[in-house]
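A short write-up of the structure that comes next.
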Amino acid sequence: MTAPSAAAANRFVLGAALLAGIVLVGCTGFYEIPIETPIQPKMDVTAFQRVLVAGFISGGSDDVDANLETVRLLRSQLRTKSPLRVIEAEVLPLAEIAAAENNAARDSGSSITTTSTGVAPVGPIPAAEMAKPAEPAAKPQDPKKTDLGIHNEKDLAKFDKIFADVAYWKKLGEEYQTPLIVTGTVLFTPHQSNGFVITQREVYDSFGRRSVIPVRTYQERKGFILQPRFVFIDGRTGAILYSETFHEEILYNAQQSVPALSTYFELMDRVMPSFLSTLSAQKIRGTRVLLK
Amino acid sequence: MLIRALVVATALVAFAPGMRAADARSQAKEQVEFGIKVAQNGLWKEAAYRWEKAVQLDPTYGAAWNNLAIAYEHEGKFEDAKKAYEKALALDPKNLMIRQNYDLFKEINDRTKRRSGK
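For the record, the sequence lines run as chains A and B. Going by numbering that gives the first Met the number 0, the first residue of the first sequence is number 0, and it counts up by one from there. Going by numbering that gives the first Met the number 0, the first residue of the second sequence is number 0, and it counts up by one from there.
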C-alpha cells in the first residue's frame, strides 16, 4: 500500500468509527444520570435546637486522649453538617465522674436500676437539691487524664451505669437549656496481628520487561482498633433516645511508623457519615440509567 | 360495494386495538423523552410528572416505569420506587440496565430499612 492510500484508509477508519459512535449514541436510547438519594435521619431531632457533645468515657491507648479528641471532632462536624447549634462547653471528664458516682453508690449501698421503661436515677435527688439554681452538674476537672484502668470493653462496662442516670443528664440538660446530649464511650486500643498478606512485587524478565505479580509474604503488622459508642440523650428528660456502637480497625506494616492520632482520625473518618446520619438527612450520590 | 365496505369495517375493527396501542406508545414515548430532558436539567419533579403520565398512557412501557422509579428514588419515595422498579422488571425482565438500577436502589433501601429497624 502506498503512503497516500494508507492515509486514506486511516481517514476512512476514523470516519467509520465516528459514524458508528454517533449512530450508537442515537440508537441506544439510554442516558446515565447522576442522582442523590436522600436518606432520612435515624433520629427525629426536630424537638431540639441545640446539641451538647458532653464528653466520653475513653480508654485504651495513652497516646490519644480519645475523650477530648472525640468531643472536638464531633463538635466541628456537627457545626457544619447538622441543623443543630453546637454548644461550646468544657469537656466533661466523664470517666472520672462515673467512677466517683460508682464509689458514691457503693458507699451509700444504692445502685442504679434499669426499669422496663428505660432507666431510673441513682437514688432519689433531694428536693432542695433539685430546686437549686443551675449549678454545674459536674465540675470540669483537671484535663489531665487519670488512669482508671480502662483497657477493654469489660473495663468500660463498669462505668456504663452513668448513661442510665437520668437525673444526672436531666440536670446537665437544664444547665444548657435542654439540648440534645451526645455522649458515650470510646475505646482506642493498639492491636497487633502477624500473618501472611498478599503484596504486589515488581519483576523484570530476561528481556527487561516489567510485570507485577502477587506474592504471599509473612508480615508483622500493628495498628489500632476504634470502638466508639454514641449515646444520644434527651436533655429535657435525661432519657436515652438512641445509641449505636461501631467497630473499625486498621493494620500497618510493623516497620511503618504511623502516629496514633493520625490513625484515630483515619478510623473516625470512617465512622463519621453514620454518626452524622443519625441527626441529619444525608444524600447518597450515585448514577442510574434512564431509558427511552 | 357492500362487500368492500364490510371488508374495510372488519379491518378497522381488527386493527383498531393495535393502532390505539401504537398511538399510546408513541404518546408515552414523547412524555418519556421530555422527562429525560428535564431530568438532565435537574427538574426531577417535572420529570416524575412526565413519566407518571407516560405509564398512564402505556402501562406496558418498561422504560417509563424504570425512569419513574429513578425519579421516586431521587425524591426519597422508596416504597413507590420499589413498586415502579418491580413493574419495570416484570415488563422487561431481561433488561440489564433496569436490573442494575434496581440492585443499586435495593442496596440503599435495605440499608435504610436495617437502620430504622423495619
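Note that CB positions come from ideal geometry on N, CA and C, so glycine has one too. Just so it is clear, the structure is predicted and the values come from calculations on it, not from any experiment.
Threonine 184 of chain A versus asparagine 66 of chain A: straight-line alpha-carbon distance, rounded: Position 185 of the first sequence, counted from the first residue, corresponds to residue 184 of chain A. Position 67 of the first sequence, counted from the first residue, corresponds to residue 66 of chain A. Answer to the nearest angstrom: the Cα atoms are 8 Å apart.
7 Å Cβ cutoff, glycine 285 of chain A in contact with chain B: One-based indexing of the first sequence puts residue 285 of chain A at position 286. Chain B contact via Cβ: present.
Take leucine 83 of chain A as the anchor and find which of A:Ser279, A:Met271, A:Thr286, A:Glu152 has the nearest alpha-carbon. As a first step, residue 83 of chain A is located in the first sequence; it is residue number 84 there, counting from the start. Of the listed residues, the one whose Cα sits closest to leucine 83 of chain A is A:Ser279.
Residue ranges of each beta strand (DSSP E) run of no fewer than 3 residues wholly in the segment 220-253 of chain A, ordered along the chain? 239-244, 247-252
Closer than 6 Å by C-beta to glutamate 243 of chain A: which residues in its own chain qualify, once you throw out the five before and the five after it? Chain order, please. In the first sequence, residue 243 of chain A corresponds to position 244, counting from 1. Phe229, listed in sequence order.
Can you tell which of A:Pro92, A:Lys157, A:Gly54, A:Val52 has the C-alpha that lies nearest to the C-alpha of asparagine 102 of chain A? On the first sequence, position 103 is the one that residue 102 of chain A refers to. Of the listed residues, the one whose Cα sits closest to asparagine 102 of chain A is A:Lys157.
Same chain only: Cβ atoms within 8 Å of glutamate 33 of chain B, ignoring 5 sequence neighbours per side: Working through the second sequence from its first residue, we reach residue 33 of chain B at position 34. A small correction: the amino acid at residue 33 of chain B is phenylalanine; glutamate does not occupy that position in the sequence shown. Excluding positions up to five away in sequence, the list reads Arg49.
Start-end ranges of the alpha helix (DSSP H) lying completely within the segment 23-93 of chain B, minimum 4 residues: The segment 23-93 of chain B contains, as complete alpha helix (DSSP H) runs of 4+ residues, the segments 43-56, 61-73, 77-90 (chain order).
Rounding to the nearest angstrom, what Cα-Cα distance links valine 37 of chain B and proline 92 of chain B in this structure? Residue numbering aside, residue 37 of chain B sits at position 38 when the second sequence is read from its first letter. Residue numbering aside, residue 92 of chain B sits at position 93 when the second sequence is read from its first letter. Whole-angstrom Cα-Cα distance: 27 Å.
If I follow the unbroken beta strand (DSSP E) through serine 304 of chain A, where does it start and stop? Lying before the first or after the last residue shown, residue 304 of chain A is absent from chain A, which here runs from 0 to 291.
Determine, using beta-carbon pairs with one atom in the segment 51-58 of chain A and one in the segment 87-107 of chain A, whether at least three such pairs fall under 8 Å. yes
Do phenylalanine 104 of chain B and glutamate 72 of chain B have their CB atoms nearer than 7 Å? What you label residue 104 of chain B is simply residue 105 of the second sequence in a count that begins at 1. What you label residue 72 of chain B is simply residue 73 of the second sequence in a count that begins at 1. With a cutoff of 7 Å on beta-carbon distance, phenylalanine 104 of chain B and glutamate 72 of chain B are scored as near each other.
Identified DSSP bridge partners for threonine 36 of chain A: As a first step, residue 36 of chain A is located in the first sequence; it is residue number 37 there, counting from the start. According to DSSP, which records beta bridges pairwise, threonine 36 of chain A is partnered with A:Ile283.
By the three-class DSSP mapping on this structure, what secondary structure does proline 272 of chain A have? If you number the first sequence from 1, residue 272 of chain A lands on position 273. Helix, per DSSP.
Arginine 208 of chain A (DSSP reduced to helix, strand or coil): Taking the first residue of the first sequence as 1, we reach residue 208 of chain A at position 209. DSSP places arginine 208 of chain A in coil when its eight states are reduced to three.
Let me check one thing: in DSSP terms, what residues is glutamine 48 of chain A bridge-paired to? Position 49 of the first sequence, counting from 1, holds the residue named residue 48 of chain A. Glutamine 48 of chain A is not bridged to any residue.
Cutoff 7 Å: proline 33 of chain A Cβ touching any chain B Cβ: Mapped onto the first sequence, residue 33 of chain A falls at position 34. For proline 33 of chain A, the answer is no, since every Cβ of chain B falls outside 7 Å of its Cβ.
For glutamate 68 of chain A, which option in A:Arg220, A:Leu260, A:Phe274, A:Arg284 has the closest C-alpha, if you only look at C-alpha atoms? Within the first sequence, residue 68 of chain A is the residue found at index 69, counting from 1. Closest option to glutamate 68 of chain A, Cα to Cα, is A:Leu260.
Mapping DSSP to helix, strand and coil, what is threonine 60 of chain A? Here residue 60 of chain A refers to the residue found at position 61 of the first sequence. Here residue 60 of chain A turns out to be serine, not threonine, going by the sequence shown. Correct three-state label for serine 60 of chain A: coil.
Where isoleucine 35 of chain B meets chain A, residues with beta-carbon distance less than 9 Å: The sequence position of residue 35 of chain B within the second sequence is 36, counting from 1. Ordered by position in chain A, the residues that pass the 9 Å Cβ test against isoleucine 35 of chain B are Tyr30, Ile32, Leu289, Leu290, Lys291.
Which residues, taken in chain order from the segment 32-65 of chain A, show a beta carbon closer than 8 Å to some beta carbon of chain B? Ile32, Ile34, Glu35, Thr36, Pro37, Ile38, Gln39, Lys41
My guess is that arginine 220 of chain A and phenylalanine 195 of chain A are in contact by the Cβ rule of under 8 Å, so how many angstroms apart are they, rounded? As a working note, residue 220 of chain A is residue 221 in the first sequence. As a working note, residue 195 of chain A is residue 196 in the first sequence. Rounded, the Cβ-Cβ distance is 11 Å, inconsistent with contact.
Taking the beta strand (DSSP E) that glutamate 152 of chain A belongs to, which residues open and close that run? As a first step, residue 152 of chain A is located in the first sequence; it is residue number 153 there, counting from the start. It is not in any beta strand (DSSP E) - glutamate 152 of chain A instead sits in the alpha helix (DSSP H) that spans 152-156.
So is glutamate 51 of chain B in contact with chain E if we call contact Cβ pairs under 7 Å? Of the protein chains in the structure, A and B, none is chain E.
Cα-Cα separation, tryptophan 43 of chain B to asparagine 100 of chain B: In the second sequence, counting from the first residue as 1, residue 43 of chain B sits at position 44. In the second sequence, counting from the first residue as 1, residue 100 of chain B sits at position 101. When rounded, the distance between both Cα atoms is 17 Å.
Whose CA, out of A:Val70, A:Val44, A:Phe47, lies closest to the CA of proline 227 of chain A? To locate residue 227 of chain A, count along the first sequence from 1; it is residue 228. Taking each of A:Val70, A:Val44, A:Phe47 in turn and checking the Cα distance to proline 227 of chain A, the smallest one comes out for A:Val70.
Touch check for the segment 175-192 of chain A and the segment 233-247 of chain A: three-plus C-beta pairs under 8 Å? yes
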